[in-house]
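S.K.: Below is the structure I would like to discuss, written out as C-alpha cells.
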Amino acid sequence: MKKVLIIGAGIAGLSAGSYLQRNGYQVEIFEAHTQPGGVCTSWSRGNYTFDYCIHWLMGSKPNTGFDLLWDELGALEDANGKPMQIKNFEEFTRTEFSDGEELRFYANADRFGEELRRIAPDDLELVDRLIDDLKYMSRFKVSVAKEKGSIFSKIGSFLSNLGTFRCYLKHLRTPIGEYADKWKSKYVREALCNVIPPSWSLGSLTMGLAMQHTQAAGYPVGGSLQFSRNIERGFLESGGSIFYGSRVDRIVVKNDRACAIKLASGEEISGDYVISAADGHSTLFDLLEGRYVSPKLKKAYDTFPLFPSSVFIGIGVNKNLSDLPHAIMIPVTGSFTLPDDSNRSHLSVSVHNFDPTLAPSGKTTVTVILHTWNDTYWRSLAAGNRKEYSEVKQQTGERVVEVLEGRFPGLKEAVEVIDVSTPHTVHRYTGNWHGSFEGFAPTPTTLMTRLPKTVPGLANCYMIGQWTTAGGGIPSAAIDGRNIAFDLCRKDGRTFIGKIY
Ligand SMILES: Cc1cc2nc3c(=O)[nH]c(=O)nc-3n(C[C@H](O)[C@H](O)[C@H](O)COP(=O)(O)OP(=O)(O)OC[C@H]3O[C@@H](n4cnc5c(N)ncnc54)[C@H](O)[C@@H]3O)c2cc1C
Numbered sequence: 121m122k123k124v125l126i127i128g129a130g131i132a133g134l135s136a137g138s139y140l141q142r143n144g145y146q147v148e149i150f151e152a153h154t155q156p157g158g159v160c161t162s163w164s165r166g167n168y169t170f171d172y173c174i175h176w177l178m179g180s181k182p183n184t185g186f187d188l189l190w191d192e193l194g195a196l197e198d199a200n201g202k203p204m205q206i207k208n209f210e211e212f213t214r215t216e217f218s219d220g221e222e223l224r225f226y227a228n229a230d231r232f233g234e235e236l237r238r239i240a241p242d243d244l245e246l247v248d249r250l251i252d253d254l255k256y257m258s259r260f261k262v263s264v265a266k267e268k269g270s271i272f273s274k275i276g277s278f279l280s281n282l283g284t285f286r287c288y289l290k291h292l293r294t295p296i297g298e299y300a301d302k303w304k305s306k307y308v309r310e311a312l313c314n315v316i317p318p319s320w321s322l323g324s325l326t327m328g329l330a331m332q333h334t335q336a337a338g339y340p341v342g343g344s345l346q347f348s349r350n351i352e353r354g355f356l357e358s359g360g361s362i363f364y365g366s367r368v369d370r371i372v373v374k375n376d377r378a379c380a381i382k383l384a385s386g387e388e389i390s391g392d393y394v395i396s397a398a399d400g401h402s403t404l405f406d407l408l409e410g411r412y413v414s415p416k417l418k419k420a421y422d423t424f425p426l427f428p429s430s431v432f433i434g435i436g437v438n439k440n441l442s443d444l445p446h447a448i449m450i451p452v453t454g455s456f457t458l459p460d461d462s463n464r465s466h467l468s469v470s471v472h473n474f475d476p477t478l479a480p481s482g483k484t485t486v487t488v489i490l491h492t493w494n495d496t497y498w499r500s501l502a503a504g505n506r507k508e509y510s511e512v513k514q515q516t517g518e519r520v521v522e523v524l525e526g527r528f529p530g531l532k533e534a535v536e537v538i539d540v541s542t543p544h545t546v547h548r549y550t551g552n553w554h555g556s557f558e559g560f561a562p563t564p565t566t567l568m569t570r571l572p573k574t575v576p577g578l579a580n581c582y583m584i585g586q587w588t589t590a591g592g593g594i595p596s597a598a599i600d601g602r603n604i605a606f607d608l609c610r611k612d613g614r615t616f617i618g619k620i621y
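In our numbering, the protein residues as written are 121 to 621.
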C-alpha cells in the first residue's frame, strides 16, 4: 500500500486525505495546530462561539455542482448522520451610508434590481445589464467529477455552459473599481468599493451574488469548525491518521524526489508521496528551501497582491438581536484607524442571530472584521511586548463596541465577552503568509493565472489549497483534494472512487 504524507489539516488537506484513504492509500496528515480546519474555524469564549469563516458555502443546495463534494466528504452531516440545516438569507449584505441612506444587496436578483433602480435612477441601463448577468451566471453548474462522462458528454456540457462561462469571464476580467466608476450613483460607487478593494475582480462579488439568487450558497448552521470536523470524522472513519501539534519543518528530498518529511521535533517520516496543503510561501521557501521555485511561481510570490489579514472582534451579547440584519456595513464618522495605521471607512458587522448553536438562548454573537495588510505591526508587537499587545487588542475591541453602540443603542451594556484576534493570531494558528486569510487576492490577473499543483522539478511532491488557486475558498480547497486523489489514482493505475456507499 502506498503511503501519502499530507502537510496541513485545513479543508484541502482533509479532503485530499479522505479521497486518497478511500482509494486504497495509507494516509497520514501532519497538522501544526491542535484541531482541524485551518482558517475554516470557530472558537469558544465562555458560553459564546465566534465563527471566523463561512459566510456562504457554494454547493449547499443539492444539484448545483459543488454539492457533490459535500456529499462525498460527509461535510454537511453530523456524527449521527443528521444533515446540518442550511440557512439562506433574504439579503446577501447591506451597506449603510453616513447620510442615512442604505443599499440592500438582496439575494433575489429581481428584488436587488428594484433596490438599485431606487437608489440609482440615472443608471437604469447598468442596472438591467447587471441583473441579467446575475441571473445568467446563476445557471452555471461546475462539473466536479473529472472521472464521469465520456469526452463527448464533457464537450456537450462545456458547450451548454459556454454562454454563462463567457459572462463569468467578462466579470472576472473587470476590476471592480473600473466598473464602479461607470455608475453615476455615488451610493453604488461607494458600496461596491466598500465590499471589496477596487483592483479586485468584479466576479469575486457577482459570483457570490449570482449564487444567492438560486440559493446555492447558504450557511450551514453549526458553523465552520463543525463543518471541518465533519470532514475530519469521515477521514478518520475510513482509517486515516492525523497527528496534531506536528509542525513540519522540511520536505526531505533525494535526487529531486520527495521521500519524507521532517517534523519540528526532529522525527523523520518517509512516504511515497508528499502533499503540502499548507501555506504556499513556507512550503516553497522554507520546507523546500527555495530550491524548486519556477519563474511562474517566483512571479506570483513576488508580485501578486494578497488577501488581507484581519483584526477580528468577537462580541458576546446578552440580547437575541433578532431584529437586526445578519450582515451590514456601518459607516464610521471620519474613519476607524486601527493601531497598525490602517483606515476603515466602514465596519463589516455580522450578527449571528441565524445560528442558535453559537450562543445560549436569548443571546447572540456579533463579529466585526477589519481588514489590514499590516501584519508586521501586530507580529512585532506580540513578539516584543506581550502586555502591550494584550492592551492594544482590548482597546481595539472596546473602540469597536463604542462604534456599534452608536448604531445599535443599548448594545454596549449587554456585552458580556469581547475577544480580539489579530494577524499575529492568524499566522500563529495557520501559518498563512502575512496572516493572509485566503492567499492570493482575486484580481483579473491572478484569476487568469493557473498555478501548478505539482512542484516544478521535484517528483512525488504536490501542492494544493488556497495558495494554488487565486481567490481561495472552501470549494476550491476541497476540489483540489479530490483532483489530486484522482490524479494519483490515474498515475498508479487505480480506478478512482468518489464515495463508498
Ligand atoms: C474570515 C474568512 C472568511 C471566509 N469566508 C469564506 C466563505 O464564506 N466561503 C468560502 O468558500 N470560503 C471562505 N473563506 C476561505 C476559506 O475558508 C479558505 O480559502 C479555505 O478554508 C482554505 O483552506 P486550505 O486548506 O487551503 O488552507 P488553510 O485553512 O490555511 O489550512 C492550512 C493548514 O495547514 C497547517 N499548516 C501550515 N503550515 C504547516 C506546517 N509547516 N506543518 C503542519 N501544518 C501546517 C495550518 O495550521 C492549517 O491548518 C474565508 C476565510 C476566512 C479566513
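For each residue, glycine too, the CB sits at the ideal point set by N, CA and C.
Is it true that the segment 574-582 meets the segment 296-307, where meeting means three or more beta-carbon pairs spaced less than 8 angstroms apart?
M.R.: Verdict: no, contact absent.
S.K.: Is any heavy atom in ligand 1 found nearer than 7 angstroms to the beta carbon of G592?
M.R.: Start at 1 with the first residue of the sequence shown, and residue 592 comes out as number 472. Checking every heavy atom of ligand 1 against the Cβ of G592, one is found closer than 7 angstroms.
S.K.: Which residues in the same chain as A590 place their Cβ atom closer than 6 angstroms to its Cβ, once the five residues preceding and following it in sequence are excluded?
M.R.: Along the sequence shown, one-based indexing puts residue 590 at 470. So the list reads F560, P562, T566, L567, once near-sequence residues are dropped.
S.K.: Any chance the segment 321-329 sits against the segment 338-345, with 3 or more Cβ pairs inside 8 angstroms?
M.R.: The segment 321-329 vs the segment 338-345: no contact.
S.K.: Ordered along the chain, which non-local residues of its own chain (more than five positions away) have a Cβ less than 7 angstroms from that of F606?
M.R.: What you label residue 606 is simply residue 486 of the sequence shown in a count that begins at 1. K266, E267, F616, listed in sequence order.
S.K.: Compute every distance between the C-beta of W493 and the non-hydrogen atoms of ligand 1, then say whether any falls below 7 angstroms.
M.R.: For the purposes of this step, residue 493 is identified with residue 373 of the sequence shown, where counting begins at 1. Answer for W493: no, Cβ out of range of ligand 1.
S.K.: Determine the direct distance from the alpha carbon of K302 to that of L409, and round the result to whole angstroms.
M.R.: Here the question's residue 409 lines up with position 289 in the sequence shown. Here the question's residue 302 lines up with position 182 in the sequence shown. For the sequence presented, residue 409 should be read as Glu rather than Leu. When rounded, the distance between both Cα atoms is 46 angstroms.
S.K.: Under 8 angstroms by Cβ, that's how I've got T485 and G530 pegged, so tell me the actual separation to the nearest angstrom.
M.R.: One-based indexing of the sequence shown puts residue 485 at position 365. One-based indexing of the sequence shown puts residue 530 at position 410. No, T485 and G530 are not in contact; Cβ-Cβ is about 17 angstroms, not under 8 angstroms.
S.K.: In chain order, which beta strand (DSSP E) runs of at least 3 residues are fully inside the segment 289-333?
M.R.: The qualifying runs do not exist here; there are none.
S.K.: Check whether the Cβ of S455 lies closer than 8 angstroms to any Cβ atom in chain C.
M.R.: No chain C appears in the structure shown, which is made up of a single protein chain.
S.K.: Could you tell me if S455 is buried or exposed, where buried requires 16 or more neighbouring beta carbons within 10 angstroms of its beta carbon?
M.R.: Residue mapping note: residue 455 aligns to position 335 of the sequence shown, counting from 1. Classification for S455: exposed.
S.K.: Taking the alpha-carbon positions, what's the V431 to S470 distance?
M.R.: By 1-based counting over the sequence shown, the position of residue 431 is 311. By 1-based counting over the sequence shown, the position of residue 470 is 350. Answer to the nearest angstrom: the Cα atoms are 14 angstroms apart.
S.K.: Let me check you understand the geometry: is the CB of H175 closer than 7 angstroms to at least one non-hydrogen atom of ligand 1?
M.R.: Your numbering for residue 175 matches position 55 in the sequence shown. Yes, the beta carbon of H175 sits closer than 7 angstroms to at least one heavy atom of ligand 1.
S.K.: Would you mind sorting F278 into buried or exposed? The rule is 16 or more other CB atoms within 10 Å of its CB.
M.R.: Position 158 of the sequence shown, counting from 1, holds the residue named residue 278. Its Cβ having fewer than 16 others within 10 Å, F278 is exposed.
S.K.: Just tell me which of K416, R367, Y393 has its CA closest to the CA of D399.
M.R.: Counting from 1 along the sequence shown, the entry for residue 399 is found at position 279. When only C-alpha atoms are compared, the closest one is R367.
S.K.: Are the beta-carbon atoms belonging to R142 and S361 less than 8 angstroms from one another?
M.R.: Taking the sequence shown and counting its residues from 1, the one referred to as residue 142 is at position 22. Taking the sequence shown and counting its residues from 1, the one referred to as residue 361 is at position 241. Result no, Cβ atoms of R142 and S361 do not sit closer than 8 angstroms.
S.K.: On the criterion of 16 or more Cβ atoms from any shown chain inside 10 Å, does N375 qualify as buried, or is it exposed?
M.R.: Counting from one through the sequence shown, the residue named residue 375 turns up at place 255. Exposed, because fewer than 16 other Cβ atoms sit within 10 Å of the Cβ of N375.
S.K.: DSSP three-state label for R623, please.
M.R.: Not covered by the structure: residue 623. The range shown for the chain is 121 to 621.
S.K.: Does the Cβ of V368 lie closer than 7 angstroms to at least one heavy atom of ligand 1?
M.R.: Position 248 of the sequence shown, counting from 1, holds the residue named residue 368. Answer for V368: yes, Cβ within range of ligand 1.
S.K.: Distance check for I296 and Y256, CA to CA, integer angstroms please.
M.R.: Working through the sequence shown from its first residue, we reach residue 256 at position 136. Working through the sequence shown from its first residue, we reach residue 296 at position 176. When rounded, the distance between both Cα atoms is 19 angstroms.
S.K.: Candidates I620, D612, Y621, T588: which alpha carbon is nearest G133's?
M.R.: For the purposes of this step, residue 133 is identified with residue 13 of the sequence shown, where counting begins at 1. G133 has its Cα closest to that of T588, out of I620, D612, Y621, T588.
S.K.: Using the rule of at least 16 other Cβ atoms within 10 Å of the residue's Cβ for burial, across every protein chain shown, is L236 buried or exposed?
M.R.: To locate residue 236, count along the sequence shown from 1; it is residue 116. Counting Cβ neighbours within 10 Å, L236 comes out buried, since at least 16 surround it.
S.K.: Look up H636 in the DSSP assignment and say whether it is helix, strand or coil.
M.R.: Lying outside 121 to 621, the shown extent of the chain, residue 636 is not represented and no answer is given.
S.K.: In whole angstroms, what is the alpha-carbon distance linking G233 and L383?
M.R.: What you label residue 233 is simply residue 113 of the sequence shown in a count that begins at 1. What you label residue 383 is simply residue 263 of the sequence shown in a count that begins at 1. The alpha-carbon atoms of G233 and L383 are separated by roughly 54 angstroms.
S.K.: Hey, quick one: how far does the alpha helix (DSSP H) through V512 stretch, first residue to last?
M.R.: The count along the sequence shown starts at 1 and reaches residue 512 at position 392. Unbroken alpha helix (DSSP H) run through V512: 506-527.
S.K.: Does DSSP classify I174 as helix, strand or coil?
M.R.: On the sequence shown, residue 174 is found 54 positions in, with the first residue counted as 1. Three-state DSSP puts I174 in coil, outside helix and strand.
S.K.: Go ahead and label G504 buried or exposed: buried means 16 or more other beta carbons lie within 10 angstroms of its beta carbon, across all protein chains shown.
M.R.: One-based indexing of the sequence shown puts residue 504 at position 384. Exposed, since its Cβ has fewer than 16 Cβ neighbours within 10 Å.
S.K.: Would you call the CB atoms of P451 and F217 closer than 8 angstroms?
M.R.: Translated into the one-based positions of the sequence shown, residue 451 becomes position 331. Translated into the one-based positions of the sequence shown, residue 217 becomes position 97. Against a cut-off of 8 angstroms, the Cβ pair of F217 and P451 comes out as a contact.
S.K.: For the beta strand (DSSP E) that I149 lies in, which residues bound it at each end?
M.R.: If you number the sequence shown from 1, residue 149 lands on position 29. Here the beta strand (DSSP E) through I149 covers 146-150.
S.K.: Output the boundary residues of the alpha helix (DSSP H) element that contains P415.
M.R.: Along the sequence shown, one-based indexing puts residue 415 at 295. Counting along the chain, the alpha helix (DSSP H) containing P415 begins and ends at 415-423.
S.K.: Do you know how far the Cα of R464 is from the Cα of H457?
M.R.: The count along the sequence shown starts at 1 and reaches residue 457 at position 337. The count along the sequence shown starts at 1 and reaches residue 464 at position 344. According to the sequence displayed, residue 457 carries Thr and not His. So the alpha carbons of these two residues sit roughly 6 angstroms apart.
S.K.: So, under 8 angstroms CB-CB, N314 and M449 are touching, yes? Tell me the CB distance rounded to an integer number of Å.
M.R.: Working through the sequence shown from its first residue, we reach residue 314 at position 194. Working through the sequence shown from its first residue, we reach residue 449 at position 329. Indeed, because the Cβ distance is near 5 angstroms, the residues count as touching under 8 angstroms.
S.K.: Looking at the unbroken beta strand (DSSP E) that takes in N167, where does it start and where does it end?
M.R.: If you number the sequence shown from 1, residue 167 lands on position 47. Segment: none, N167 is in no beta strand (DSSP E) and carries neither H nor E.
S.K.: When every heavy atom of ligand 1 is checked, does at least one fall within less than 7 angstroms of the C-beta of A378?
M.R.: In the sequence shown, the residue the question calls residue 378 occupies position 258. Every heavy atom of ligand 1 is 7 angstroms or more from the Cβ of A378, so no.
S.K.: May I ask whether a heavy atom of ligand 1 can be found less than 7 angstroms away from the beta carbon of G360?
M.R.: As a working mapping, residue 360 is identified with position 240 in the sequence shown. Not under cutoff, so the answer is no.
S.K.: Out of curiosity, what's the CA-to-CA distance linking E222 and T215?
M.R.: Residue mapping note: residue 222 aligns to position 102 of the sequence shown, counting from 1. Residue mapping note: residue 215 aligns to position 95 of the sequence shown, counting from 1. Their backbone Cα atoms lie some 6 angstroms apart in a straight line.
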